[in-house]
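Chains H and R supply the protein sequences, listed in that same order.
At position 325 of the first sequence the residue is numbered 312 (the numbering used here), and the sequence of numbers has no breaks.
Converting from the second sequence to the numbering used here requires adding 12 to each position, the first position being numbered 1.
Ideal Cβ placement from N, Cα and C applies to all residues, glycine included.
Here the structure is a predicted model, which means the values were calculated and not measured.
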Amino acid sequence: MSVAKSLPHDAARLHVTGTARYVDDIPTPANALHLAFGKSAIARGQIDAMNLHEVKSAPGVVAVLVAGDLPFANDVSPSAHDEPMLSDGSVHYVGQPIFLVVATSHLAARKAATLGQIKYIEETPILTIEDALAADTRFEEGPRIYEKGDAETAIKGAARVVEGTFEIGGQEHFYLEGQAALAFPQEGGDMLVHSSTQHPTEIQHKVAEALGVPMHGVRVEIRRMGGGFGGKESQGNALAVSCAVAARLTGKPCKMRYDRDDDMIITGKRHDFRISYRAGFDENGRIAGVSFMQYTRCGWAQDLSLPVADRAMLHSDNAYLLPACRIESHRLKTNMQSATAYRGFGGPQGMIAIERVLDHIAHDLGKDPVEVRCLNYYAARADGSGASGGDISNQNENNTTPYGMAVEDFELHGMTAALLASSDYAVRRAAVAEWNASHDTIKKGIAFSPVKFGISFTLTFLNQAGALVHVYQDGSVHLNHGGTEMGQGLFQKVAQVAASRFGIGLDTVKITATDTAKVPNTSATAASSGSDLNGMAVKAACDTIRERMASYLAELHQADVRTVRFADGNVIIGETVYSFAEAAALSYQGRVSLSATGFYKTPKVEWDRIKGHGRPFFYFAYGASITEVAVDTLTGENRILRTDILHDAGASLNPDLDIGQVEGAYVQGAGWLTTEELVWDEAGALRTHAPSTYKIPACSDRPDIFNVALWDAENPEDTIYRSKAVGEPPFMLGISAFLALSDAISACGDSYPALDAPATSEQVWATIQKVRNGI
Amino acid sequence: MSNIHVTTTVNGDEVEFLCDPRETLLDALRDKLNLTGAKEGCGTGDCGACSVTMDGRLVCSCLVLGAEAEGKQIATVEGIADGETLHPLQQKFIEYAALQCGICTPGILVATKALLEKNPDPTETEVRYWLAGNLCRCTGYDKIIRAVMDTAADLRRAS
Ligand code: FES
Ligand code: FES
């Protein structure tokens, strides 16, 4: 069997030799043209006059397009049709595309794009949460509210109450490969588009709308992305559509890639949030009720903000049974980039708020935060596995989330106990306390945080996938499915599934580019669902072919079809052993169809997002982490000294790839909460638009000691080989780094360190001053 | 502006190209010589995805002009393997799963090879700070460091 094996990434050899092709590496004919956007210089207003004369006469420029030149739809929105690709006369953020330059080189296009002379009638931009609330600019008619029980009464009746307000910054994806697309015009007005996208079907859809052709006139292909993280779910639409429109206009191949600054200035990022909380609890720290007020700045267009904000609400419980809970969510429209999908999709923001509450409660009671967390955990899995250390009394109350879903697969009791032991938590916590008692300048902190993350698209119909598998007469297998490869190792995992179904080696399976002409109507590779959905669809396709081969061969040998086995590269019927290639050749000669599609839809999910009730998730994935940090109290500078992680990937399809996901996600999550700060100025311009000003973790920032292990337990739900999704859940393990900084700061004084995120050195330093002054 | 004629050596082979005087070495490699292993991650010398060596010195090719390559020895990721035989560093990166999306990998391999040529016995801290200019958004760096440390140990044993 090829599953449950640590096999390298499918293209590893291509990567190390520099021969793996990304969109920008695809050879183009010499007559190919290059595109760049002319961008808005103001955050809000109307275009009064536009003089593009200099742009048009700049060297190398072939054409310049404005909205009126577009032949059909001028929209690149994934949902609400509220996102004109080129300004329709109104301007909504600094960096908004206004005109499109088509030129003979990338450099010529970019240089010309700076030459537009645009006169605006400026309006006061809506930039802050206060601005948006005052002007009542928002998506949806008002806030969404999810409720369980009567939180207000529960809080009032509780022995103790904590409350606070917490700012949580956004995050730039910083996929190392920027957005890119390349369109080749075909005969009869058809278009072939290569796009660095997580969502080829949506690219196909938007390009078809823009060209005024049915979807069958557009083919979108993507072999791999250089990172996606959610940033290529909808943000590639504008480039692909531009290329297609320009290719149609000029009859030449057209390529567009954003350089890093354009990428950061134009595209959306993780939503920032402000969350206020009030929590009532007893003297032991058991929560009676919690109330959250969430505000998020969604930027100028709706994009995916509604499901993102929903998911933030849906993770407001994280791992804790909240007897009464109220979550109110405001989705504010502001004059900034349109915030978009980013690994975790709102979940991290919701989750960190409840972790903040638990931390605050523990501080209030002077207890170890781990103890308070465990006390409030959901009850353990009913079959008792993962139950060690579990608090059975929780089972008496009904074990449901604030949105009414029963938690049936809770793994964290066992995982927490195991991680506390393997990381030597108790001893190290005592050592940290001892260190802090005897050192004034460098303070240490240590913190634990758990993750419970819901797996499935909350828009239920998206939970479907298709696959196409061919077996050729020489026994080689061609594999295609709707998922996209962005480094997560999806292609390899799915190929492992195919190889296992046929009982053959992976070298026999050809992994091919995602292609809308092979598998139609796909969902984005997002919500961590890639291997869950596509693995199942591929399994279905392989099983169809296998059954056809088996029944033909069984008939040939007058054997019972149930006795035909596919194993070790062979097909075995009683005494007869054929190689898989021989079996394929025989089947072909016997006129057996060796090509099949497969389809899968996730069972059990049913969700009403307006009521906030139902089962949005098929299952939960779990994780736990402990981070230890050191902080220089004179400057706020800090380091991660050690991180220990235990993560639940179910029965892992490929432990090496999964551990890689966990490590990368933790570092990215820690980056979000520490060094990665987005700064917009008073005029609404993003000032942090390159790696020179926006600091993602570097090699030197990685934890000094980094122990990562997988929790070995099968998914109780019937997923592909009982594995669990692993793309997003470990991102939130980074919360422990933030809490560890908070813990270190709390050694500087008595008051609770109300640390905002990101905890940059400045933020840490400022919070230390507040704690020292008892604020 | 008239183009400049440049003669240089890339991975041991003498090559010639014509380039705009403002064109970077990165663009010349990618667009003129079809060596697309070096990538543009930022174009400003901050990410290391475009790393190559020029006369043995590690440089960001996005900060070097194509014209500056005249008469120099350039080495890129495409020249690390010996034909079909991978360099030990490349093998270890595969073995350790030290890559995900892989777009940082060429730059990191070039940078690491340059380090090991200078310093065959680096400490972990030296590796980490040497590679601090090579950003990777996917891996979290741990497997990269382990692959590099193990390769260094192997190469020392072999020499
Ligand atoms: S592209 Fe040269 S350092 Fe980033
Ligand atoms: S593997 Fe994706 S940036 Fe390093």
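Where residue i falls, given that 16 or more other Cβ within 10 Å makes a residue buried
i	result
H/Asp555	exposed
H/Asn467	buried
H/Lys106	exposed
H/Ile132	exposed
R/Ala123	buried
H/Val525	buried
H/Asn450	buried
H/Lys591	exposed
H/Gln648	buried
H/Arg578	exposed
H/Asn385	exposed
R/Ile157	buried
Residues bridged to residue i (per DSSP)
i	result
H/Phe553	H/Val558
H/Lys439	H/Tyr609
H/His317	H/Tyr282
H/Lys135	H/Cys312
H/Lys26	H/Pro84
H/Leu52	H/Leu87
H/Ile498	H/Leu466
H/Leu673	H/Trp667
H/Asn625	H/Val618
Enclosing alpha helix (DSSP H) for residue i [first to last residue]
i	result
R/Cys31	Not the alpha helix (DSSP H): R/Cys31 falls in the beta strand (DSSP E), residues 25 to 31.
H/Cys361	356 to 363
R/Val76	No alpha helix (DSSP H) holds R/Val76; DSSP gives it neither H nor E.
H/Leu573	567 to 576
H/Asn224	224 to 237
H/Trp422	412 to 425
H/Gly585	Run containing H/Gly585: none in the alpha helix (DSSP H); it sits in the beta strand (DSSP E), 582 to 588.
R/Ile92	Segment: none, R/Ile92 is in no alpha helix (DSSP H) and carries neither H nor E.
Extent of the continuous beta strand (DSSP E) to which residue i belongs
i	result
H/Tyr539	Careful: H/Tyr539 lies outside any beta strand (DSSP E), inside the alpha helix (DSSP H) at 517 to 543.
H/Pro172	167 to 172
R/Gln85	85 to 87
H/Tyr107	104 to 109
H/Leu697	692 to 698
H/Ala36	32 to 38
Cutoff 8 Å: residue i Cβ touching any chain H Cβ
i	result
R/Thr151	yes
R/Cys62	no
R/Cys74	no
R/Asp58	yes
R/Ile16	no
R/Gln112	yes
R/Gly55	yes
R/Ile115	yes
CA-to-CA distance, residue j to residue i, given in whole angstroms
i	j	result
H/Ala541	H/Leu455	25 Å
H/Ala393	H/Ala(-9)	29 Å
H/Ser380	H/Ser(-7)	Its pLDDT being 45, under 50, H/Ser380 is placed unreliably by the model, and nothing is read from it.
H/Gln166	H/Glu472	15 Å
H/Ile498	H/Tyr708	20 Å
H/Arg147	H/Glu270	7 Å
H/Ala731	H/Asp530	55 Å
H/Val3	R/Val89	8 Å
H/His181	R/Thr48	17 Å
H/Val149	H/Leu345	10 Å
H/Gly476	H/Gly144	50 Å
H/Ala568	R/Val160	40 Å
R/Gly152	H/Lys354	32 Å
H/Tyr575	H/Ile532	12 Å
Chain C contact residues for residue i, given Cβ-Cβ distances below 9 Å
i	result
R/Glu90	Here chain C cannot be found, since the structure's protein chains are H and R.
Within-8 Å CB hit, residue i to chain R
i	result
H/Pro(-5)	yes
H/Gly474	yes
H/Tyr107	no
H/Gly647	yes
H/Ala777	Given a span of -12 to 762 for chain H in the structure shown, any question on residue 777 of chain H remains unanswerable.
H/Glu624	no
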